[in-house]
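This report refers to the structure that appears directly beneath it.
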Amino acid sequence: MDDLWKILGWGGLGLFFVQGGMKPWAERSAVRQVRESFHEGELTAKVESRGTLGMLVSDIYSVDIIGSGVRVDKIPFDLHPKEGWKGRIRHLRLHLTDFQMAGLPVSRMEGDIPFAKYDLGHAFNKQRLYLRSAEAGTASVYLTAENALVFVQRKFKENLQDGRVFLINDRVIMMGKIRLFGGMQPFYAESRVAVRGGRYVDLVEPTVFLSETLLPPPVAKNILKQLNPVIDTDIDLRLKGLFEPQKIAINAGIIRVDGKLTVPIAESSPQSASTERVSP
Numbered sequence: 237m238d239d240l241w242k243i244l245g246w247g248g249l250g251l252f253f254v255q256g257g258m259k260p261w262a263e264r265s266a267v268r269q270v271r272e273s274f275h276e277g278e279l280t281a282k283v284e285s286r287g288t289l290g291m292l293v294s295d296i297y298s299v300d301i302i303g304s305g306v307r308v309d310k311i312p313f314d315l316h317p318k319e320g321w322k323g324r325i326r327h328l329r330l331h332l333t334d335f336q337m338a339g340l341p342v343s344r345m346e347g348d349i350p351f352a353k354y355d356l357g358h359a360f361n362k363q364r365l366y367l368r369s370a371e372a373g374t375a376s377v378y379l380t381a382e383n384a385l386v387f388v389q390r391k392f393k394e395n396l397q398d399g400r401v402f403l404i405n406d407r408v409i410m411m412g413k414i415r416l417f418g419g420m421q422p423f424y425a426e427s428r429v430a431v432r433g434g435r436y437v438d439l440v441e442p443t444v445f446l447s448e449t450l451l452p453p454p455v456a457k458n459i460l461k462q463l464n465p466v467i468d469t470d471i472d473l474r475l476k477g478l479f480e481p482q483k484i485a486i487n488a489g490i491i492r493v494d495g496k497l498t499v500p501i502a503e504s505s506p507q508s509a510s511t512e513r514v515s516p
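Quick note: the sequence shown uses the numbering used here, first residue 237, plus one each step.
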């Protein structure tokens, strides 16, 4: 009986060390995968298994990708539907701060891709997180007034000068000089922001002063047509098919855009392949 307990004890200890060794390996593999799309800055990963033996059976509760100061060309995941041995990830999450998306500054992004399955062969042989399926998740993008000003100045550099942006009381305040009637005219504008068509962020319900003269609402709306959409997520952020904005709000000087995050099927994979659901 004593020998049996010794065997069980050493076996449990061995499993402990194997599980402990797999976790940092999985974290390094996740960072290696993401680094192919994220450049510069700091990048780390944190992996948590489901239960004591989760790593041993490739059942992972969460993979958190944490980045700061990175330059992002595209979301680093796509789907390659295929039969075969797969591991499971309940939450594949992105936590990015002070980064650039398609050359534009973003204060913060939080994303959660649920019920993902990954290819075990690629994970062990190539140390890559090669996704086979995933459900649609959620993401939130946070922009400061400084971020918004860079967006506006870059997009409307021909028609806007000396621009300034403030975020106060659920409204965007913009001032500077705008090109009208063949010249640059001083203006001051207050407006709300709204999501349109699951793609655009617009300025709406404006109050506009042009050279200190309050403009009638129809004229103010026509002026904003030169600025809308302020953000086109498909073109400005290159997030077509990935992020669909659904709700926007301003709070404590921050614009928060909430929406749906979808991992697209890779161009080389069959478009007709269906995604799978993993039970929680």
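We put the beta carbon where it would ideally sit given N, CA and C, even for glycine. Computed from a predicted structure; not experimentally measured.
Reduced DSSP category for residue i - H, G, I as helix; E, B as strand; rest coil
| i | result |
| --- | --- |
| V377 | strand |
| L475 | coil |
| K282 | strand |
| L365 | coil |
| R435 | coil |
| A430 | strand |
| L315 | strand |
| A370 | coil |
| L450 | strand |
| G323 | strand |
| V499 | coil |
| A456 | helix |
Cβ neighbours of residue i in the same chain (closer than 7 Å, five flanking residues each side left out)
| i | result |
| --- | --- |
| E276 | G305, V306 and R307 |
One or two residues paired with residue i in a DSSP bridge
| i | result |
| --- | --- |
| Q462 | Paired residues: none, contrary to the question. |
| H331 | I302 and E346 |
| V308 | F274 and M337 |
| D494 | S376 and K483 |
| A425 | M410 and V444 |
| D355 | K322 |
| D468 | Y436 |
Residues of its chain near residue i, where Cβ-Cβ distance is below 6 Å and the 5 sequence neighbours each way are ignored
| i | result |
| --- | --- |
| D355 | Y366 and R368 |
| I301 | V270, A281 and L330 |
| E284 | Y297 and S298 |
| M411 | R400 and Y424 |
| K310 | S273 |
| F313 | L367 and V499 |
| W246 | Unreliable placement is indicated for W246, whose pLDDT of 32 sits below 50; the coordinate value is still reported in the next sentence. Excluding sequence neighbours, W246 sits near nothing in its chain. |
| I491 | L379 |
| A370 | I349, A352 and V499 |
| K461 | none |
| G357 | none |
CA nearest to the CA of residue i, picked from the options
| i | options | result |
| --- | --- | --- |
| T449 | F423, R400 and N464 | F423 |
| G477 | T498, W321, V440 and K318 | T498 |
| S376 | L332, D438, G489 and Q421 | L332 |
| E382 | I349, D334 and S447 | D334 |
| K391 | Y436, V466 and A456 | V466 |
| K393 | T374, I404, I486 and R415 | R415 |
| L446 | L439, F417, R432 and V493 | F417 |
Cβ shell of residue i (< 8 Å), same chain only, five flanking positions each side left out
| i | result |
| --- | --- |
| L385 | G399, R400 and V401 |
Item to complete: Jot down the residue ranges of each uninterrupted alpha helix (DSSP H) in the segment 381-418, minimum 4 residues, whole runs only, in chain order.
Response: The segment 381-418 contains, as complete alpha helix (DSSP H) runs of 4+ residues, the segments 381-391 (chain order).
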